[in-house]
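Worksheet: the structure to be examined is printed underneath.
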Amino acid sequence: MTGSTGHGARDTTPGSGAAGGPVVLRVEGLSKSYTGRPVLDGIDAEVRSGEFVCVVGPSGVGKTTLLRCLAGLMPPTGGAVFMDDVLVERPPERLAVVFQDYSRSLMPWMSVLGNVTLPLRAKGLSRAARQEAGLAALAGVGLEGSEHQYPWQLSGGMQQRVAIARALAYQPEALLMDEPFASVDAQTRADLEDLILRVRREFGVTVVLVTHDIDEAVYLADRVLVLSGRPTTVRAVVDVPLPSDRDQLHTKSLPEFAVLRSRVLKLIQEG
Numbered sequence: 071m072t073g074s075t076g077h078g079a080r081d082t083t084p085g086s087g088a089a090g091g092p093v094v095l096r097v098e099g100l101s102k103s104y105t106g107r108p109v110l111d112g113i114d115a116e117v118r119s120g121e122f123v124c125v126v127g128p129s130g131v132g133k134t135t136l137l138r139c140l141a142g143l144m145p146p147t148g149g150a151v152f153m154d155d156v157l158v159e160r161p162p163e164r165l166a167v168v169f170q171d172y173s174r175s176l177m178p179w180m181s182v183l184g185n186v187t188l189p190l191r192a193k194g195l196s197r198a199a200r201q202e203a204g205l206a207a208l209a210g211v212g213l214e215g216s217e218h219q220y221p222w223q224l225s226g227g228m229q230q231r232v233a234i235a236r237a238l239a240y241q242p243e244a245l246l247m248d249e250p251f252a253s254v255d256a257q258t259r260a261d262l263e264d265l266i267l268r269v270r271r272e273f274g275v276t277v278v279l280v281t282h283d284i285d286e287a288v289y290l291a292d293r294v295l296v297l298s299g300r301p302t303t304v305r306a307v308v309d310v311p312l313p314s315d316r317d318q319l320h321t322k323s324l325p326e327f328a329v330l331r332s333r334v335l336k337l338i339q340e341g
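The sequence shown begins at 71 in our numbering and counts up one residue at a time.
Here it is in C-alpha cells:
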C-alpha cells in the first residue's frame, strides 16, 4: 500500500506485499466532516491486489470512518474512493465487510448455513449453488459440520468465523475488517489471526483490517498504514518485510518484529 503523509516522512522499506499488483482500492483526497468538524483530512492511499494492509492510529481519529468510506457505507465530504478504477458511491459487489460486533451481524433465528448464504440470495443463485458456496466457505474457516447449528449455540470465536465465512461465500475481491478480533479472548484472537492469514492465502483475497493492536498489525500485514491525530491524515506507511509464512511464537520472537512494532508505536505516539 502507498499513501501520502501529512505529518512526517513515509517509510519506504521494501516489504513482502503485492507491490507490483494492480490497484484494487484507491483513495484520493478523502475528507470527512461531522457537523462541520473535520475528521479525515485529505487521505491518499492505494491498496494493491493480494495485499494485507492494517490501519492503526490513536483512538478516535476516524479509522472506522475511513473503512466505512472505503466500503461505500458512508459518503465522504470531499475526495473519492475507487475500486478497480470505478468510483465507489455504494457498496461494491466485489467487496465484503466484517464488523467487530459479530453477535449483532448474525441472525439468531437462522442456522449457521442460513447466515452464511443470506447475502448470496441477492446474486440470484439457486438454492443448491448457495448451499455449495456456503459449505465451502464454512470449510475454509474450519467450521465443517456446524452448518445446522445456530449462532447462540456457538462461542464468540466460532460466531466470528461464521461472519468471516459469510464474507468469503460472496467471493469478494477485497475484504474489509473493522476490529474483527477485539471482542474475543487472547487465545481465540491468536487463532483467528492465523485463520485470516490462511484465508487470505487460500482465497487470494485482498484484506484491509482496522485494529488498535500494534502486535496484530505487524503480525498480519504486508504494510501498516499509520494515521495521525485529528484532523486525520496518513502519518506513515510502514512496510513489513517479515517472512510470509508467519507463526505466533516464532514470528513474534524475531528481532525484526520488535523493531517494526517499536517503529509503529513511536509513529502513533508522535501523532
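Using N, Cα and C, we set each Cβ at its ideal position, and we do this for glycine too.
Which residue wins for smallest C-alpha separation from residue 121, given the options 267, 324, 163?
Position 51 of the sequence shown, counted from the first residue, corresponds to residue 121. Closest option to residue 121, Cα to Cα, is 267.
Any idea what DSSP makes of residue 239, helix, strand or coil?
One-based indexing of the sequence shown puts residue 239 at position 169. Note: residue 239 maps to helix in three-state DSSP.
Quick check: the Cα distance between residue 85 and residue 329, rounded to an integer number of angstroms?
The residue labelled residue 85 in the question sits at position 15 within the sequence shown. The residue labelled residue 329 in the question sits at position 259 within the sequence shown. The predicted model places residue 85 with a pLDDT of 39, which falls under 50 and marks its position as unreliable, so this point remains unresolved.
Between the CA atoms of residue 341 and residue 305 - distance to the nearest angstrom
Numbered from 1 along the sequence shown, position 235 holds the residue referred to as residue 305. Numbered from 1 along the sequence shown, position 271 holds the residue referred to as residue 341. Whole-angstrom Cα-Cα distance: 7 Å.
Through-space distance from residue 99 to residue 148, alpha-carbon basis
Counting from 1 along the sequence shown, the entry for residue 148 is found at position 78. Counting from 1 along the sequence shown, the entry for residue 99 is found at position 29. Near 7 Å, if we compare the C-alpha coordinates of residue 99 and residue 148.
Classification of residue 62 by the beta-carbon crowding that lies within 10 angstroms, buried from 16 upward:
This structure does not reach residue 62, given that the chain is present from 71 up to 341, and the question cannot be answered.
In whole angstroms, what is the alpha-carbon distance linking residue 331 and residue 309?
Looking up residue 331 in the sequence shown gives position 261. Looking up residue 309 in the sequence shown gives position 239. Straight-line Cα distance between these residues: approximately 11 Å.
For residue 254, which three-state DSSP category applies?
By 1-based counting over the sequence shown, the position of residue 254 is 184. Coil.
Measuring straight from C-alpha to C-alpha, what distance separates residue 215 and residue 188?
If you number the sequence shown from 1, residue 215 lands on position 145. If you number the sequence shown from 1, residue 188 lands on position 118. In a straight line, the C-alpha of residue 215 is about 18 Å away from that of residue 188.
Cβ-Cβ separation, residue 141 to residue 262 (assumed contact under 8 Å), whole Å
As a first step, residue 262 must be located in the sequence shown, where it is residue number 192. As a first step, residue 141 must be located in the sequence shown, where it is residue number 71. Not confirmed; about 20 Å, so no contact.
Within this structure, are the beta carbons of residue 132 and residue 109 separated by less than 9 Å?
Walking along the sequence shown from the start, residue 132 turns up at place 62. Walking along the sequence shown from the start, residue 109 turns up at place 39. In this structure, residue 109 lies closer than 9 Å to residue 132 by Cβ.
Helix, strand or coil, according to DSSP, for residue 285 in the structure here?
Position 215 of the sequence shown, counted from the first residue, corresponds to residue 285. In the structure shown, residue 285 sits in a helix (DSSP, three-state: H, G or I).
For residue 276, which residues does DSSP report across the bridge?
Here residue 276 is taken as the residue at index 206 of the sequence shown, counted from 1. DSSP, once it has assigned bridges, lists 244 as partnering residue 276.
Can you name the start and end residues of the beta strand (DSSP E) that residue 343 belongs to?
No answer is possible for residue 343: it lies beyond the span of the chain, which begins at 71 and ends at 341.
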